[in-house]
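S.K.: Chains A and B, in that order, give the protein sequences. Each number in the numbering used here corresponds to the 1-based position in the first sequence with 31 added. Each number in the numbering used here corresponds to the 1-based position in the second sequence with 23 added. Before I ask anything, here is the structure I am working with.
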Amino acid sequence: MSWTMNSTAMIQRKSQTQMIPSKVEALKLALKDPPVQNKDKNVVERNYAVVLDVLTGFSIGKKDKDSMQAGVEALSTDELDSLMKYIYRGFTRPTENSCEKLLNWHEAAFAVGGLGSIIRVMSARKSV
Amino acid sequence: MPEVYEVVNGPITCHCWNKDRSKLAICPNNNEVHIYAKKSGKWEVEHILTEHGQRVTGMDWAAESDRLVTCAADRNAYVWTYTGSAWKPSLVILRINRAATVVKWSPKENKFAVGSGARCVSICYFEKENDWWVSKHIKKPIRSTVLSLDWHPNNYLLAVGSTDFKARVFSTYTKEIEEKPDSTCWGKKMPFGQCMAEFTTAGGGWVHCVSFSPSGNKLCWVSHDSSISVVDQSKEQDAVVVSVKHTYLPYLACQFLTESSIVAAGYDCYPVLWNYDDNNKLTFINKLDQSEKKAGGASMSAMNKFKQLDTKATTASADTELESTHQNSITQILVYSGSQGSADVFSTIGVDGRVVIWACKSLEAAIAGLKFS
Chain A
32 MSWTMNSTAM
42 IQRKSQTQMI
52 PSKVEALKLA
62 LKDPPVQNKD
72 KNVVERNYAV
82 VLDVLTGFSI
92 GKKDKDSMQA
102 GVEALSTDEL
112 DSLMKYIYRG
122 FTRPTENSCE
132 KLLNWHEAAF
142 AVGGLGSIIR
152 VMSARKSV
Chain B
24 MPEVYEVVNG
34 PITCHCWNKD
44 RSKLAICPNN
54 NEVHIYAKKS
64 GKWEVEHILT
74 EHGQRVTGMD
84 WAAESDRLVT
94 CAADRNAYVW
104 TYTGSAWKPS
114 LVILRINRAA
124 TVVKWSPKEN
134 KFAVGSGARC
144 VSICYFEKEN
154 DWWVSKHIKK
164 PIRSTVLSLD
174 WHPNNYLLAV
184 GSTDFKARVF
194 STYTKEIEEK
204 PDSTCWGKKM
214 PFGQCMAEFT
224 TAGGGWVHCV
234 SFSPSGNKLC
244 WVSHDSSISV
254 VDQSKEQDAV
264 VVSVKHTYLP
274 YLACQFLTES
284 SIVAAGYDCY
294 PVLWNYDDNN
304 KLTFINKLDQ
314 SEKKAGGASM
324 SAMNKFKQLD
334 TKATTASADT
344 ELESTHQNSI
354 TQILVYSGSQ
364 GSADVFSTIG
374 VDGRVVIWAC
384 KSLEAAIAGL
394 KFS
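Below is the structure:
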C-alpha cells in the first residue's frame, strides 16, 4: 500500500497494534512500510506516534517475551534499521515518558545492529 | 605478524609499489611524492618529486614499464619516467575543471584512468605524433565525484565507484591504440564510454571502493552506509547483487584476493576478511588483526598518580592507543604479492602514517580457523 494514497487507512491499521496481544507482532506491524517519501507532515507525525506507542509498551527486563531484547531479535536487518531511525527521531524530541525507554531500546538495538545500524541512520537519505 | 613501517608522522594519502617491491612511493598528505627505497630493513627517502601544486590524491606504479603516474587536486596528472638518476615528469592534458581523485594504470599499461570531482573519468593514452598524453572523457551517466577505479583484467572494462551512490562498469575501448575487445559476461558491444552495468548501494551511501575479482567476472563495492556488495556477472541473466548491511563502521577500501576472498578495511582501523561463495552468499569470516594491547602502565609512581589526578581527574592510565596495528583509519589496500588469480600478501596504509604488510599465510597461522579460500 502506498502511503500517499491511503494515509488514514494505514494509520488506522497501525493503530490496531494496540489490540494485538503479542508485542513483537505489534512492533513488526508498526515498523512496516515507514512513510519515507511522504510529503504530508501530519501523516509522518501520526505514524511516529503509533510507533512510539508500541515502543513504550515493551518492558526493559531481559528475559520475558515482552522484553526489548526479544523484540529486537525478531527483526530483520531492514526492520532494525527502521527501528534505529525511529529511535533517533525520538531522541530529537525527548519527553518525560519516552527518554528512558528510548535509551533502553537503543541499547538493545545496538547490541544486534552494531555501529553499522547507526551509520545507516545517518547516511540514509530517506528519513522516517 | 604483519610488518609495520612508521613512514611519516601524518596521514598517507596514497601509495604504490614498484615491480619487485624494492621501492615504495607515497604522498605524505601534501603536494609531494616521496619515493622510498629499502635500505637494511628500513625505508629511506630516495627522491622527492615536487611537480604538483596541490595535494597528490592518487598514484600508481606501472610494474612492467616502470612508470609512475600521479594525479592531484591541482587538476593535473603527470607520468614520471626514471632516467637512471632522477624522475622526469611528463604532463597529461586531463581537461578537467575539478580535482583529480584517483588514478590507475590499465593491466597492459598502455593507458590509465583518472577519476575526478569533475564527474567524469579521463582515459589517457600516449599520442606518439605529438609526444604527449591525451585524454578521452567518460561523462554519462556519472553524476558526482568519482572516488575509486578498478580495471578488469581484459584491459577494456573499468569499474567506477562514485559519490552518486552508484558503482558502474564502463568500456574504455580506445580505437586509436588497441583492437576491438572480445565479448565478456559484461556485454558484447563495447564502444568507448558505454556503461555496461550500473549498481546501487544497499542503503544509499558513497561508494568508497570497487574491486574486480581476478577473473573479472565478479565486482565488489563497499560504501558509506556500512554495506558490502558483490555481483557475479558470469551468471548473466541470473546475476544477482548480494549486499550485506554489516554491523561495523564503513569500509574505505576493498580488494579481491582470490575469486572468493575479499579483504576490506576502513574506519575500524583493522582489515577484515569476507567470503563470497558459489551460492551467492557473502559472509564475514574474521577480523585479520589480532595484535594485543601493550601491557604497559602496570604500576604508576605516586607522583604520577597525583599528576594524573590533577591534570586529567582520573588515576587510570590514560591510554589512547588502539588495540589494532593501525592507529587510525585504513584508506587503501593494495595487492603486494601473489600469483595471477590469488594474492597472498597485501599492504595497507592509513591516516596514522603507517604502511603495514600483511601475509595471508602468517595470518592463517596466527588466527585459529582462518582460511583464505
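Just so you know, even glycine gets a beta-carbon here, dropped at the ideal spot from N, CA and C.
Of all Cβ atoms in chain B, is any one closer than 8 Å to the Cβ of residue 102/A?
M.R.: It does not: the Cβ of residue 102/A has no partner Cβ on chain B nearer than 8 Å.
S.K.: Since I believe residue 215/B is in contact with residue 195/B (beta carbons under 8 Å), could you give me their beta-carbon distance rounded to a whole number of angstroms?
M.R.: That pair is a contact at about 6 Å.
S.K.: Would you kindly report the start and end of the unbroken alpha helix (DSSP H) that includes residue 99/A?
M.R.: Where residue 99/A is concerned, the enclosing alpha helix (DSSP H) stretches over 99-104.
S.K.: Please name the residue in 209/B, 307/B, 64/B, 348/B whose C-alpha comes closest to that of residue 262/B.
M.R.: Nearest option by C-alpha distance: 209/B.
S.K.: What number of angstroms, rounded off, separates the C-alpha of residue 373/B from the C-alpha of residue 57/B?
M.R.: Approximately 16 Å between the Cα atoms of the pair.
S.K.: Taking contact to mean 3 or more Cβ pairs, one atom from each stretch, closer than 8 Å, check whether the stretch 133-146 of chain B and the stretch 166-184 of chain B are in contact.
M.R.: Contact between the stretch 133-146 of chain B and the stretch 166-184 of chain B is present, because at least three Cβ pairs lie under 8 Å.
S.K.: Suppose contacts are defined by Cβ-Cβ distances below 8 Å. Is residue 360/B in contact with residue 44/B by that definition?
M.R.: In contact: residue 360/B and residue 44/B (Cβ atoms closer than 8 Å).
S.K.: Quick one: is residue 98/A near chain B, going by C-beta distance under 8 Å?
M.R.: So no, residue 98/A is outside the interface.
S.K.: Any idea what DSSP makes of residue 290/B, helix, strand or coil?
M.R.: DSSP places residue 290/B in coil when its eight states are reduced to three.
S.K.: How should residue 120/B be labelled, buried or exposed, when 16 other C-beta atoms within 10 angstroms of its C-beta is the threshold for buried?
M.R.: By the 10 Å Cβ count, residue 120/B comes out exposed.
S.K.: Only counting the same chain, and skipping five residues up and downstream in sequence, which positions put a Cβ closer than 6 Å to that of residue 233/B?
M.R.: Correct list, in chain order: 171, 173, 182, 184, 190, 244.
S.K.: Write down the C-beta distance between residue 129/A and residue 83/A rounded to the nearest angstrom, noting that I regard them as a contact closer than 8 Å.
M.R.: About 6 Å; that satisfies the 8 Å criterion.
S.K.: Who are the neighbours of residue 114/A on chain B, taking C-beta pairs under 7 Å?
M.R.: Chain B residues near residue 114/A: none, gap ~13 Å exceeds 7 Å.
S.K.: Which same chain residues, not among the five before or five after residue 36/A, have their C-beta less than 6 Å away from its C-beta?
M.R.: Model confidence at residue 36/A stands at a pLDDT of 48, short of 50, so the residue's coordinates are unreliable; what they give is reported in the following sentence. None.
S.K.: In the DSSP assignment, the beta strand (DSSP E) including residue 170/B goes from what residue to what residue?
M.R.: Element bounds for residue 170/B: 169-174.
S.K.: Can you round the beta-carbon distance between residue 60/B and residue 69/B to whole angstroms, since I take them to be within the 8 Å contact cut?
M.R.: The Cβ separation is near 4 Å, so the contact holds.
S.K.: Does the beta carbon of residue 227/B sit closer than 8 Å to a beta carbon anywhere in chain A?
M.R.: Chain A, which has a Cβ nearer than 8 Å to the Cβ of residue 227/B, makes this yes.
S.K.: Sorted by chain position, which residues of the same chain lie with C-beta nearer than 7 Å to residue 32/B's C-beta, five sequence neighbours on each side aside?
M.R.: Counting only Cβ-Cβ distances below 7 Å, and skipping sequence neighbours, we find 376.
S.K.: Taking only the alpha-carbon atoms, compute the straight-line gap between residue 256/B and residue 213/B and give it to the nearest angstrom.
M.R.: So the alpha carbons of these two residues sit roughly 16 Å apart.
S.K.: For the stretch 247-258 of chain B, which residues have a CB atom closer than 7 Å to at least one CB atom of chain A, in sequence order?
M.R.: Per Cβ criterion, the list reads 247, 248, 249.
S.K.: Quick check on residue 217/B: does DSSP put it in helix, strand or coil?
M.R.: In the structure shown, residue 217/B sits in coil (DSSP, three-state: anything other than H, G, I, E or B).
S.K.: So that I know if they touch, is there some Cβ in chain B lying closer than 8 Å to that of residue 151/A?
M.R.: By this cut-off, residue 151/A is an interface position.
S.K.: What are the residues of the stretch 265-299 of chain B that lie near chain A, defined by any Cβ-Cβ distance shorter than 7 Å?
M.R.: Per Cβ criterion, the list reads 268, 269, 270, 271, 272, 273.
S.K.: Taking the beta strand (DSSP E) that residue 85/B falls in, what are its first and last residues?
M.R.: From DSSP, the beta strand (DSSP E) with residue 85/B extends over 79-85.
S.K.: Contact check, residue 84/B vs residue 41/B under 8 Å by CB: the rounded distance?
M.R.: Rounded, the Cβ-Cβ distance is 5 Å, consistent with contact.
S.K.: State the Cα-Cα distance for the pair residue 66/A and residue 220/B, rounded to the nearest angstrom.
M.R.: About 30 Å.
S.K.: Who does residue 361/B pair with in a DSSP beta bridge?
M.R.: The partner list for residue 361/B (beta bridge, DSSP) reads 366/B.
S.K.: Among the candidates 201/B, 109/B, 187/B, 110/B, whose CA atom is the shortest distance from the CA of residue 147/B?
M.R.: Answer by Cα proximity: 201/B.
S.K.: Taking the continuous beta strand (DSSP E) assigned at residue 276/B, which residues delimit it?
M.R.: It spans 274-279 - the beta strand (DSSP E) in which residue 276/B sits, taken as one unbroken run.
S.K.: Which residues mark the beginning and the end of the alpha helix (DSSP H) in which residue 130/A is found?
M.R.: From DSSP, the alpha helix (DSSP H) with residue 130/A extends over 129-154.
S.K.: Rounded C-beta distance between residue 199/B and residue 236/B? I'm assuming under 8 Å.
M.R.: With 8 Å as the limit, residue 199/B and residue 236/B do not qualify as a contact, their Cβ atoms being about 29 Å apart.
S.K.: If we call anything under 8 Å between Cβ atoms a contact, is residue 271/B one with residue 291/B?
M.R.: Yes, these two residues count as a Cβ contact at 8 Å.
S.K.: Can you check whether the C-beta of residue 158/A is within less than 8 Å of a C-beta belonging to chain B?
M.R.: Judged by the 8 Å Cβ criterion, residue 158/A is not in contact with chain B.
S.K.: In terms of DSSP beta bridges, what is residue 112/B paired with?
M.R.: Paired residue(s): 103/B.
S.K.: Kindly list the residues whose CB is nearer than 8 Å to the CB of residue 143/B, restricted to its own chain and excluding five residues on each side of it in sequence; keep chain order.
M.R.: Cβ within range, chain order: 119, 160, 161, 162, 165, 169.
S.K.: How far does the beta strand (DSSP E) with residue 123/A in it reach, from first residue to last?
M.R.: No beta strand (DSSP E) holds residue 123/A; the alpha helix (DSSP H) holding it covers 108-123.
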